[in-house]
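In full-length UniProt numbering, the protein residues as written are 1 to 327. Shown next, in structure tokens, is the structure this report addresses.
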């Protein structure tokens, strides 16, 4: 015999039937009203966010080392030995600006709360404080004991439920969610741009060295120069393909108002999707402007006061699905 909670969960997935035991009536799937994400705020909205995951930290360090390696080869192998001063200044300035923006976007994506739901708030007192309407449904995450708003999913690495979670990216050591998706998009875009820039400069430098003496086109020996350029070419090609695909995937997810995990789980059509233009404005923080391309937009040196109120204390509820009864 299934408990009312299990029966409610079956109805949610379209497998349940009619009425639960002990006088509990489960709503049909189309009658269920989930909690809006605006009802439950993040308790870490004004605090520094950093995930202590060994794999993610290693991947983040590797990301920085690869960018610094590209910086070393571009400056000391290709630009400084060049006889064309204007060529070196223009390409050096462009590459360093793109690299700086890429690393700044990486830091913002890594240290921004992606939209974490407060842990351990699944108490009767907290549910009563939400003042929900009859017929609304409360979902509890059994892993972090939090009340899950609509379109939130649990991340096993962050050990939290994340609003509009797209995926957990080890390269930024963080989830990509509602609050930091813009910075992840900018990170992939700028990495793709510097990768393309590197490839173009490597091709021109190889042609320049073939036409001139190899001993004069670089301050390193010819074998060392070739090895450094080949490694940079391989790195640039690999990350150009990878980040271009990720950038396109993220932009598509924003425009369709559908995260990667929602698409993977087949949860489409369970919410009212917004138009592409409105979704882009929500993700990037306003109407189209140059601030869309800036990882520093919205960054403040002053500490903002906490926007949440203390959670009512109480025991964690046992049920995973709770329906607000009709009166």
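Backbone N, C-alpha and C define an ideal beta-carbon position, used for all residues, glycine too. Predicted model only: the values in this text are computed from it and were never measured.
Limits of the beta strand (DSSP E) - the one that residue i falls within
| i | result |
| --- | --- |
| residue 138 | 136-140 |
| residue 155 | 152-155 |
| residue 227 | Not the beta strand (DSSP E): residue 227 falls in the alpha helix (DSSP H), residues 222-256. |
| residue 277 | Where residue 277 is concerned, there is no enclosing beta strand (DSSP E), although the alpha helix (DSSP H) it sits in stretches over 276-284. |
| residue 71 | Careful: residue 71 lies outside any beta strand (DSSP E), inside the alpha helix (DSSP H) at 54-73. |
Residue i, enclosing alpha helix (DSSP H) - first and last residue
| i | result |
| --- | --- |
| residue 108 | 85-111 |
| residue 198 | 181-211 |
| residue 176 | Per DSSP, residue 176 belongs to no alpha helix (DSSP H); it is in the beta strand (DSSP E), 174-176. |
| residue 263 | 260-265 |
Status (buried if at least 16 other CB within 10 Å, exposed otherwise) for residue i
| i | result |
| --- | --- |
| residue 64 | exposed |
| residue 209 | buried |
| residue 236 | buried |
| residue 166 | buried |
| residue 257 | buried |
| residue 58 | exposed |
| residue 221 | exposed |
| residue 268 | exposed |
| residue 93 | exposed |
Selected residue, minimal CA-CA separation from residue i, among the options
| i | options | result |
| --- | --- | --- |
| residue 75 | 249, 84, 95, 183 | 95 |
| residue 157 | 220, 145, 295, 55 | 55 |
| residue 84 | 273, 252, 217 | 217 |
| residue 164 | 288, 244, 263, 98 | 263 |
| residue 320 | 122, 241, 166 | 122 |
| residue 114 | 162, 194, 298, 107 | 162 |
| residue 299 | 69, 111, 62, 61 | 111 |
| residue 198 | 215, 222, 80, 232 | 232 |
| residue 214 | 66, 324, 81 | 81 |
| residue 317 | 145, 192, 62 | 145 |
| residue 330 | 120, 119, 68, 118 | Residue 330 cannot be examined here, being either before or after the span of the chain that is shown, 1 to 327. |
Proximity test, Cβ basis, 9 Å: residue i and chain C
| i | result |
| --- | --- |
| residue 168 | You won't find chain C in this structure, because it holds only one protein chain. |
ask   = Would you say the region 88-107 touches the region 144-163, given that touching needs at least three Cβ pairs under 8 Å?
value = no
query = Pairing CB atoms from the region 204-216 with CB atoms from the region 118-126, are three or more of them under 8 Å?
reply = The region 204-216, when compared against the region 118-126, does not touch it at the 8 Å Cβ threshold.
key: Given 8 Å, three or more beta-carbon pairs between the region 223-230 and the region 264-282   = no
query = Taking three-plus beta-carbon pairs below 8 Å as touching, is the region 163-176 in contact with the region 45-61?
reply = The region 163-176 makes contact with the region 45-61, as at least three CB pairs between them are under 8 Å.
query = How about the region 180-195 and the region 247-259: do they share at least three Cβ pairs that are nearer than 8 Å?
reply = Touching, yes.
ask   = Per the contact definition of three or more C-beta pairs closer than 8 Å, is the region 66-80 in contact with the region 134-142?
value = no
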